[in-house]
Structures are given as structure tokens and as C-alpha cells.
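All remarks here apply to the structure that follows.
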Amino acid sequence: LAMAAENPEEKETMSTASDHLPRVVSCGMSLFKWKGFWMYEELFKAAEAMRDHFEPNQDDIILTSFPKTGTTWLKALIHTILRSSTEEDPLVELNPHELVPVLELQMYPGNPNLMDQAPPPRIFQTHFPFEILPEPVKKSGCKIVYVARNPADTLVSLWQFTNKRNQGTNYCVSLEEAFHAFCEGTVADGPYLDHVLGYWKERTKIFFITYEELKEDPYKHIARLAEFLGRRSLSEEEVRDVEWRCSLDRLRGVKANRGRKENHWSGYPYEAFFRRGMVGDWKNHLSQDMIERLMVITNQKLDGSGLQF
Ligand code: A3P
10 LAMAAENPEE
20 KETMSTASDH
30 LPRVVSCGMS
40 LFKWKGFWMY
50 EELFKAAEAM
60 RDHFEPNQDD
70 IILTSFPKTG
80 TTWLKALIHT
90 ILRSSTEEDP
100 LVELNPHELV
110 PVLELQMYPG
120 NPNLMDQAPP
130 PRIFQTHFPF
140 EILPEPVKKS
150 GCKIVYVARN
160 PADTLVSLWQ
170 FTNKRNQGTN
180 YCVSLEEAFH
190 AFCEGTVADG
200 PYLDHVLGYW
210 KERTKIFFIT
220 YEELKEDPYK
230 HIARLAEFLG
240 RRSLSEEEVR
250 DVEWRCSLDR
260 LRGVKANRGR
270 KENHWSGYPY
280 EAFFRRGMVG
290 DWKNHLSQDM
300 IERLMVITNQ
310 KLDGSGLQF
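Counting from 10, one number per residue, gives the positions in the sequence shown under the UniProt record's numbering.
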């Protein structure tokens, strides 16, 4: 409400404009472009509700990412770093998405009080681009963590995940279709590289990490992350413990993620969040032409930014 009062003109724009925004149907999804990013109707409504009602606290932690860049891993890591207890590991019974809610899917607009009982620091996640984060989040001083991933692996992971959702239906997204959409940016919360750049520009204020860095040296980056989160300085043994608890092989095997389905997206089996977890899986899927085109787009977009994948 505070935000709405501060900027009534923007509220008017958000509430009435979606009909007049550019629209596209991409990989079976009806999307429209708002503030430079492709959204579907529910995301737009969630953004409105978040803008009007979300009250961030200074000690909140907000994990931000584009889908399929390592969100589940970071959720597990942040939760374990902050909440770990030697007796019971919540990751055995619960998927990381049950421990760290997605603001625009699990909380807004329908369930804004979900974290009211949570002990501080509250941990949230969003796939919204920086440009769409509510202003109070940016001003609150809360800690923002962003994970990025090389575009080719992100595309392949997104394509595979999309088809998990479509399993059992007649609609299967071809690689060509997924590739075209990814390059055009017409995927929810896309264009991907604009999403990354929005947070990259804020990198001195946030914790910015790539999936590849984390894969290469989890110990180093988990220790850095713990320090950023400001909770405690972890011993070597504790960092190793966090690394193991949150490893792909372990999470894939725990009962939380076997034979259970989430209920906020489209009933994805929790297994779907744990696939190969490789750097360079794109080599198994993309043609030479595809990878060359993606590299051209990536290089053009990132030129001069200082960011490389
Ligand atoms: P792949 O599809 O390339 O295997 P998100 O969590 O953002 O949806 O990203 C999913 C990607 O992260 C998937 O990549 C998945 O396998 C990988 N992943 C999930 N949990 C992981 C973990 N604990 N460690 C490393 N990678 C993980």
C-alpha cells in the first residue's frame, strides 16, 4: 500500500495495461511483455500483490534467479547454512521449495502470511527480474543472492523441465521451439540475458554467483555465501557438511524427492528438479548452428558488461 500511495501513476499503469502490452504465444504459453520482460497473467497479478503488500524486513534473505539456473541448490544451501541443526535435517522430509517459498507462486496473491511465523531471517525466493522487484525490497537492505548459469545449459534444462510438465499431455515442446523462444527471450521472466544483467549491475550490493563457479569449488563459495549471509563463520567441517547435505546425489535420493509432487506449479514431481546437474550438458543436445547462434547473442548482449560465461 505504501508503494501504491507513493506512485499512483504506476499502479494505474499496472492495473489496466496488460491488455495493451505486446503479446505472444510461446511454447504453449500466453505471454505479454511488461517492463521489458515476458510474463503470464498470474505472474503479473502476483507482482501487483507483492508491490502492494509485501513488507520486507532488513534481515530477510531473498534468493533471486532465472528458472533452471540452480535455484533448488541455492535454496538448500541457504536454508542449511542458516537453519542447520545436527539432529534433524529438514531436507530429508521436505524439498527445498517447501522450505523456501516462491514469492510470486506460493505467497502472492493468495497466501501472503505464509512466513509470518517463520523465525528471522525469513528466506524467500523469486524469479522476478531486478526491474520487477518491489521498490521496498531494493530499499530494505535485505540480503539478495542471485544465481546465474551459462545460457546454453539453462536453455537445455528449461526445455527438459518444460516437457516434464507436459508429460501425459499431447503437447511436447521440440528443441527447435524451445531454442527459438529462448533466443527471442519469449519465456516467462525472459529474456534470460536481460534478467542476468539486471542483477549483474547490482553485483556490488548483492551476492552474485554462477552455477559453474559453485560446481567448480563448492567449498569456497559455500563459505563465502555463509559469510555474506552474516550468520556465523562456519568451520571447515561445517562447510563440508553443508556441501554434502545439499549435493545433487544426496537430495535426489532422500525421501522428500522420491514419488512426491509439488502443488504450486503444475504438479511437477519433485524428482524433476534434480536432473543431471552438469556443466556443458548442452553439448549433448544443441547443434553446432544452435550453439553458434546462442554465442553470438550472448556475446552481443554481454559485451562491455564484464560478465562472461
Ligand atoms: P539440469 O537440468 O542441467 O540437470 P532450478 O533449481 O533453478 O530449477 O535448476 C535446476 C537445475 O539445477 C537442474 O539442472 C538440476 O539438475 C540442477 N540441480 C538441482 N539441484 C542441484 C544440486 N543440489 N546440485 C547441483 N545441481 C542441482
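Built from N, CA and C at the ideal position, the CB exists for glycine as well.
| Asked | Found |
| --- | --- |
| Run of the alpha helix (DSSP H) containing threonine 307, from where it starts to where it stops | 297-311 |
| Integer-rounded CB distance, given that serine 39 should sit under 8 Å from histidine 136 | Incorrect: roughly 18 Å between the Cβ atoms, too far for contact. |
| Proximal residues to arginine 240 (C-beta, below 6 Å), its chain only, five neighbours per side dropped | Leu91 |
| Contact check, leucine 112 vs histidine 88, beta carbons under 7 Å | no |
| Straight-line gap, lysine 44 to serine 256 (C-alpha atoms, nearest Å) | 36 Å |
| Serine 35 classed as buried or exposed, judged by whether at least 16 other C-beta atoms fall within 10 angstroms | buried |
| Of the listed residues Val263, Ile218, Ile153, Ser166, nearest to asparagine 66 (C-alpha basis) | Ile153 |
| Beta-carbon gap between phenylalanine 41 and arginine 32 smaller than 7 Å | yes |
| beta-carbon lysine 44 near ligand 1 non-hydrogen atom, thresh 6 Å | no |
| When Ser183, Val305, Tyr201 are compared against phenylalanine 139, the one with the closest alpha-carbon | Tyr201 |
| In DSSP terms, what proline 130 is bridged to | For proline 130, which the question treats as bridged, DSSP gives no partner whatsoever. |
| Short CB-CB distance (under 7 Å) between asparagine 293 and chain B | Judged by its chain identifiers, the structure shown contains no chain B, having just a single protein chain. |
| Top-ranked residue by Cα proximity to valine 288, from Glu64, Leu52, Met48, Thr78 | Thr78 |
| Beta-carbon gap between glutamine 115 and histidine 273 smaller than 7 Å | yes |
| Same chain only: Cβ atoms within 6 Å of leucine 123, ignoring 5 sequence neighbours per side | Pro110, Met116 |
| Cβ-Cβ separation, threonine 219 to alanine 157 (assumed contact under 8 Å), whole Å | 5 Å |
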